[in-house]
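Novice:
The following block contains the structure:
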């Protein structure tokens, strides 16, 4: 039986930017759904990308226009077609109801944890927490001529959540890419898929860090701790949302810093942002 979900809501027509939390039941008249999985290259010949959506309320109809929790207010996406997937079989879906799972074309803007909705307000269901990584490695393409397919493959694999991406602070995408994973197998899967699906080689350069902590206190807290000499031997990076992340070589150092510098508000995982205006 379909059940409702707690969601953050912000009315676009309101002058107030206040966000209100409320339960959205299946019988809510507006369409809402959340993306719980993305996948690229289901058909390697067409390089397609799908986002899997579970319908929470309302009704999906072919060709409907929806808002997106992390897009600017007023931005709409046309869901021209949806599919039901059973193994390798696909079938077109004209209508879907609460509890149904549909696959929609992903233009590259949809990520795991995002919310799609109709109506005049913005809606965001709680994001899906990202795993806490324990392996870290730089990745690069040894052949400069492979940069474009390498970049495309990495971007699509990151969208799937195969691994996480970290970068140096203030790096807008031109610097070295640092991958973060729970285990070594995830790195091997990434390299294998780059080779077989995107026809590019890659080189991994492991780092000696063993865990990450997100700093909920923000960059101001990081700067204070750094100025006080508390982050010696700790690597400071940012996640895809440009939020601060600290990399540690052992559990003891992470536990000691969390206890001594509570203002950092260290967390072992991160929640994706609900709204991005």
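Numbering (the working numbering), first residue to last: 134 to 410.
From the three backbone atoms N, C-alpha and C, an ideal C-beta is built for every residue, glycine too.
#1: What's the C-alpha gap between residue 405 and residue 264?
#2: Where residue 364 and residue 379 are concerned, what is the direct C-alpha to C-alpha distance, given to the nearest angstrom?
#3: Restricting to Cα atoms, I'd like to know which of 239, 216, 238, 222 is closest to residue 228.
#4: Below 7 Å CB to CB, which residues in the same chain sit around residue 291 once its five sequence neighbours on both sides are set aside?
#5: Relative to the C-alpha of residue 233, which candidate in 187, 366, 400, 274 has its C-alpha closest?
#6: Whole beta strand (DSSP E) runs in the segment 274-305 with 3 or more residues, listed along the chain?
#7: What is the residue span of the beta strand (DSSP E) that residue 355 lies within?
#8: Can you find the residues in the same chain that come closer than 6 Å, C-beta to C-beta, to residue 394, ignoring five residues on each side of it along the sequence?
#9: Where does residue 381 sit, in a helix, a strand or coil, going by DSSP?
#10: Are the CB atoms of residue 200 and residue 250 within a distance shorter than 7 Å?
#11: Is the CB-CB distance between residue 337 and residue 270 below 7 Å?
#12: Identify whether residue 410 lies in helix, strand or coil by the three-state DSSP scheme.
#13: Here's the rule I'm using: 16 or more other beta-carbon atoms within 10 Å means buried, otherwise exposed. How should residue 286 be labelled?
#14: Evaluate the contact criterion for the segment 373-393 versus the segment 343-358: three or more CB pairs, one atom per stretch, below 8 Å.
#15: Going by DSSP in three states, residue 329 sits in which element: helix, strand or coil?
#16: Quick one: complete beta strand (DSSP E) runs, 3+ long, within the segment 152-218?
#17: Do you know how far the Cα of residue 272 is from the Cα of residue 381?
#18: Taking just the CA atoms, how far does residue 283 sit from residue 328?
#19: With a CB to CB cut of under 6 Å and the five nearest residues on each side skipped, what residues in its chain are close to residue 262?
#20: DSSP state of residue 142, grouped into three classes?
#21: Measuring CB to CB, does residue 157 end up less than 7 Å from residue 190?
#22: Between the beta-carbon of residue 184 and the beta-carbon of residue 237, is there less than 7 Å?
#23: Assign residue 143 to one of two classes, buried (16 or more other C-beta atoms within 10 Å of its C-beta) or exposed (fewer than that).
#24: In whole angstroms, give me the CA-to-CA distance for residue 166 and residue 152.
Specialist: Reading off the structure:
#1: Residue 405 sits at position 272 when you count from the first residue of the chain shown. Residue 264 sits at position 131 when you count from the first residue of the chain shown. Their Cα atoms are separated by approximately 11 Å.
#2: Along the chain shown, read from residue 1 onward, the residue named residue 364 stands at position 231. Along the chain shown, read from residue 1 onward, the residue named residue 379 stands at position 246. Residue 364 and residue 379: Cα-Cα distance of roughly 9 Å.
#3: Within the chain shown, the letter at position 95 stands for residue 228. Closest by alpha carbon: 216.
#4: One-based indexing of the chain shown puts residue 291 at position 158. The residues are 298.
#5: The residue you call residue 233 lines up with position 100 of the chain shown. Nearest of 187, 366, 400, 274 to residue 233, Cα basis: 187.
#6: Correct list: 297-301.
#7: Stepping through the chain shown from its first residue, residue 355 is reached at position 222. From DSSP, residue 355 is part of no beta strand (DSSP E) but of the alpha helix (DSSP H) over 351-360.
#8: As a position in the chain shown, residue 394 is number 261, starting the count at 1. Around residue 394: 358, 363.
#9: Indexing the chain shown from 1 puts residue 381 at position 248. Strand, per DSSP.
#10: The sequence position of residue 250 within the chain shown is 117, counting from 1. The sequence position of residue 200 within the chain shown is 67, counting from 1. A contact, by the Cβ cut-off of 7 Å.
#11: As a working note, residue 337 is residue 204 in the chain shown. As a working note, residue 270 is residue 137 in the chain shown. In this structure, residue 270 lies closer than 7 Å to residue 337 by Cβ.
#12: In the chain shown, counting from the first residue as 1, residue 410 sits at position 277. Low confidence applies here, because residue 410 scores a pLDDT of 43, under 50, leaving its location unreliable; read the following figure in that light. Residue state, collapsed to three classes: coil.
#13: Sequence index remark: in the chain shown, residue 286 carries index 153 (1-based). By the 10 Å Cβ count, residue 286 comes out buried.
#14: Enough Cβ pairs lie closer than 8 Å, so yes.
#15: Translated into positions along the chain shown, residue 329 becomes position 196. In this structure, residue 329 counts as helix in the three-state DSSP scheme.
#16: 153-157, 165-173, 182-190, 197-201, 210-212
#17: If you number the chain shown from 1, residue 381 lands on position 248. If you number the chain shown from 1, residue 272 lands on position 139. Taking the straight line from one Cα to the other gives about 19 Å.
#18: Indexing the chain shown from 1 puts residue 328 at position 195. Indexing the chain shown from 1 puts residue 283 at position 150. The alpha-carbon atoms of residue 328 and residue 283 are separated by roughly 9 Å.
#19: Taking the chain shown and counting its residues from 1, the one referred to as residue 262 is at position 129. Excluding residues within five positions, the ones whose Cβ falls inside 6 Å are 402, 404.
#20: In the chain shown, the residue the question calls residue 142 occupies position 9. Strand.
#21: Residue 157 sits at position 24 when you count from the first residue of the chain shown. Residue 190 sits at position 57 when you count from the first residue of the chain shown. At a Cβ-Cβ threshold of 7 Å, residue 157 and residue 190 count as neighbours.
#22: One-based indexing of the chain shown puts residue 184 at position 51. One-based indexing of the chain shown puts residue 237 at position 104. Cβ distance < 7 Å, so residue 184 and residue 237 count as in contact.
#23: In the chain shown, counting from the first residue as 1, residue 143 sits at position 10. Residue environment: residue 143 is assigned as buried (16 or more neighbouring CB atoms within 10 Å of its CB, all protein chains considered).
#24: As a position in the chain shown, residue 166 is number 33, starting the count at 1. As a position in the chain shown, residue 152 is number 19, starting the count at 1. Distance between the alpha carbons of residue 166 and residue 152: 19 Å.
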